[in-house]
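Read left to right, the sequence shown gives residues 80 to 564 (my numbering). Where a beta carbon is used, it is the ideal one built from N, C-alpha and C, also for glycine.
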Amino acid sequence: MDFYKSLLGKTPSPFGIVLVGLLMLSPLAQANLPDDFAGTYSGTLTNTETSCTSDPDDTETVSLTLTITKVSTNDFHGDGLLTFHDGDIDDLGVNFYGTTPTTFNFIWDTTGINNPFAANGSGTGTVTSSGITLDGSGIETAGGQNCMIAFSGTLNKTSTTVITPDVTPSSSVTDAVLFNTQIQGMISDISSHIGGALAGIGFSGGPRVTDNQFKMGGTTGLNAGDGSAISYGVWGNYSYTDYENDLSSTAFDGSNHSFLGGIDFSFWGDSILGVAFGYDKGDIDTTFNGGNQDTDSFTIAPYFGALLTDSFSVDFNVGYSRVDYDQFRTLPGTTTQVTSSPHADRWFTAFNLNGITFYNNWILGARVGWLYASSSIDSFTESNGALVAESRTKVTTASIAGDVAYSFKNYEPFLNLSYQRDISFRKISVTTGPQPTNDNDDILLSAGVRYFNKNGISGNLEYTKRFERDDFDEDRISVTIRADF
Numbered sequence: 080m081d082f083y084k085s086l087l088g089k090t091p092s093p094f095g096i097v098l099v100g101l102l103m104l105s106p107l108a109q110a111n112l113p114d115d116f117a118g119t120y121s122g123t124l125t126n127t128e129t130s131c132t133s134d135p136d137d138t139e140t141v142s143l144t145l146t147i148t149k150v151s152t153n154d155f156h157g158d159g160l161l162t163f164h165d166g167d168i169d170d171l172g173v174n175f176y177g178t179t180p181t182t183f184n185f186i187w188d189t190t191g192i193n194n195p196f197a198a199n200g201s202g203t204g205t206v207t208s209s210g211i212t213l214d215g216s217g218i219e220t221a222g223g224q225n226c227m228i229a230f231s232g233t234l235n236k237t238s239t240t241v242i243t244p245d246v247t248p249s250s251s252v253t254d255a256v257l258f259n260t261q262i263q264g265m266i267s268d269i270s271s272h273i274g275g276a277l278a279g280i281g282f283s284g285g286p287r288v289t290d291n292q293f294k295m296g297g298t299t300g301l302n303a304g305d306g307s308a309i310s311y312g313v314w315g316n317y318s319y320t321d322y323e324n325d326l327s328s329t330a331f332d333g334s335n336h337s338f339l340g341g342i343d344f345s346f347w348g349d350s351i352l353g354v355a356f357g358y359d360k361g362d363i364d365t366t367f368n369g370g371n372q373d374t375d376s377f378t379i380a381p382y383f384g385a386l387l388t389d390s391f392s393v394d395f396n397v398g399y400s401r402v403d404y405d406q407f408r409t410l411p412g413t414t415t416q417v418t419s420s421p422h423a424d425r426w427f428t429a430f431n432l433n434g435i436t437f438y439n440n441w442i443l444g445a446r447v448g449w450l451y452a453s454s455s456i457d458s459f460t461e462s463n464g465a466l467v468a469e470s471r472t473k474v475t476t477a478s479i480a481g482d483v484a485y486s487f488k489n490y491e492p493f494l495n496l497s498y499q500r501d502i503s504f505r506k507i508s509v510t511t512g513p514q515p516t517n518d519n520d521d522i523l524l525s526a527g528v529r530y531f532n533k534n535g536i537s538g539n540l541e542y543t544k545r546f547e548r549d550d551f552d553e554d555r556i557s558v559t560i561r562a563d564f
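See the structure below:
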């Protein structure tokens, strides 16, 4: 009889049995395993039974899947699933506790799993960059059968965040799903204005030279020395975003009002230095937990841009946002609301290389870019006393975009297509309901019209639609006005 079946003290049905296990990190441990220990792990364990009183020695490889959730400092819980070579499925109960941030001990015991037979043991493990390793031993006495047990194996992490939807605070889901799209929108807004701030550089970051002025689709500016010792410009943007996640296990829908503006100066001719300020107001109905979430976000972001040639430019920005949440969820089967008010610190930076060329009245542009952002929601306590651990989300996105515009008098209708891929996407999984697909790329289609004239006033109206992200829809409309002096 193999190790896992001996833990249960019974032979599983040939039709397979779905069983649930418990994984726990001891709260009494002196050292904490890292926050990102939580997640879904899968792999194989090789078990060898020797010195059995009646059955012969046996070795078997068994598949194991564990889903781990952190509920407080050094306290993790999860579910386990074992699949045998013959297709049978069983459960396993384990208790783990950390000894250092990268190592842990564990104890397994069948007590409390509706098992009349005794089996127990211990072992050690290591946290690796891709998962965890296990090395254990023990003894089983199922039905008077005594065997010595030794097992080892590696489990690879397949997900970094595990959510129990109906009892999870709203921010745990919305931050994981929305952060990458929200930060893309903000950085795109800032980057799209850096070119125009370059004493008149604009469309997609690439310059256009006309009448000794640098122009970029929809913006116009004065060269340094025209009308003032130092050229400068001010701009403001308002955008409204509507989004919906229709996957039932993480479903929500909401909207966001964003105000962003900045001022920049051309100190060195073909380069500019400026700073942007922003405020966002969000309202989300979180269907997955019967709740709602309001957010207020404040942003400051210095930025820089420079012309490299008449056809190429670069832009760079770095910034900080503070997000304050006011949220509630409804306890399952009741009308009782559990409230909380956490806050998040967000840092971001982005770099773009832009190019532009012309053919009669047609303007063709391209951009390659990179951005990095992180969001950290501090630990907080809900109104029912539940402690929610600190959570972190990181985004590292590479993008490529192309656009086309047509210049007609003072107007430029345009169309832009951008592809984004997040190479450090934070995957999530749920303990109940359909699983998120965790797709990490999408396409943005933007269309609109820009207006500019020689008095230094310019503006644009733009509509954006996000495609190719499963179970998620996003529509955005924005308007911008800029004045160069």
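Cβ of residue i within 9 Å of Cβ of residue j?
i	j	result
Ser508	Arg408	no
Gly384	Ile560	no
Asp137	Thr127	yes
Gly204	Ile211	yes
Ser390	Tyr404	no
Ile435	Ser251	no
Leu112	Val206	yes
Tyr317	Val558	yes
Thr378	Leu339	yes
Thr146	Val241	yes
Trp449	Val483	no
Thr428	Val397	yes
Thr476	Ser453	no
Phe367	Thr260	no
Phe493	Ala445	no
Gln416	Gly361	no
Thr61	Pro244	Limits of the chain in this structure are 80 at one end and 564 at the other, which puts residue 61 out of reach.
Lys236	Ser209	yes
Gly132	Ala229	According to the sequence shown, residue 132 is Thr rather than Gly. For Thr132 and Ala229, no; Cβs fall outside 9 Å.
Glu461	Thr418	yes
Pro515	Leu326	yes
Of the choices the options, whose alpha-carbon is the least far from that of residue i?
i	options	result
Asp134	Gly232, Thr220, Tyr311, Leu124	Thr220
Asp563	Leu540, Gln514, Phe531	Phe531
Phe437	Ala255, Ser462, Ser486, Val397	Ser486
Tyr399	Arg548, Ser327, Leu432, Met265	Met265
Phe258	Val483, Tyr490, Asp214, Phe504	Phe504
Thr125	Thr132, Ala117, Ser142, Gly118	Ser142
Gly312	Phe346, Ala330, Leu326, Thr178	Phe346
Ser121	Tyr451, Lys473, Leu213	Leu213
Val256	Asp501, Leu496, Glu541, Gly535	Asp501
Lys533	Tyr490, Gln263, Ser231	Tyr490
Gly215	Phe175, Ser497, Leu386	Phe175
Glu139	Pro180, Asp343, Ser231, Thr132	Ser231
Asp375	Ile363, Pro244, Pro381	Ile363
Leu565	Phe116, Gln263, Phe155	Because the chain here runs from 80 to 564, residue 565 falls outside it and cannot be looked at.
Thr388	Leu432, Gln406, Gln514	Leu432
Val474	Trp187, Ile262, Leu234	Ile262
Can you tell me whether residue i is helix, strand or coil according to DSSP?
i	result
Thr418	strand
Asn235	strand
Ala255	helix
Gly353	strand
Pro135	coil
Gly369	coil
Gly264	helix
Ser328	helix
Asp554	strand
Phe504	coil
Ser209	coil
Leu101	Interpretation of Leu101 is limited by its pLDDT of 34, a score under 50 that renders its predicted location unreliable; the figure taken from the coordinates is listed afterwards. In this structure, Leu101 counts as coil in the three-state DSSP scheme.
Asp389	coil
Gly304	At Gly304 the pLDDT is 34, less than 50, meaning the model places this residue with poor confidence; the figure from the coordinates comes in the next sentence. In this structure, Gly304 counts as coil in the three-state DSSP scheme.
Asn291	Here Asn291 scores only 28 on pLDDT, less than 50, and its place in the model should not be relied on; the value that follows carries that caveat. Of the three classes helix, strand and coil, the one that applies to Asn291 here is coil, per DSSP.
Asp245	helix
Phe116	helix
Gly284	Any answer about Gly284 is weak, because its pLDDT of 36 lies below 50 and its placement is not dependable; what the coordinates show is given next. The answer is helix: DSSP assigns Gly284 an H, G or I state.
Ser121	strand
Ser651	Lying before the first or after the last residue shown, residue 651 is absent from the chain, which here runs from 80 to 564.
Ser458	coil
Ser130	coil
Measuring only between beta-carbons, confirm whether residue i sits less than 9 Å from chain B.
i	result
Val417	Given the protein chain composition of this structure (a single chain), no chain B is represented.
Legend entry - Touch test, the region 344 to 351 against the region 323 to 336, Cβ-Cβ under 8 Å, three pairs minimum: Below 8 Å, too few C-beta pairs join the region 344 to 351 and the region 323 to 336 to call them touching: fewer than three.
Legend entry - Validate contact between the region 546 to 556 and the region 515 to 535 using beta carbons, cut 8 Å, 3 pairs: Touching, per the Cβ criterion.
Inset, instruction - Check whether the region 412 to 432 touches the region 447 to 462, counting contact only when three or more Cβ pairs, one atom from each stretch, lie closer than 8 Å. - result: Enough Cβ pairs lie closer than 8 Å, so yes.
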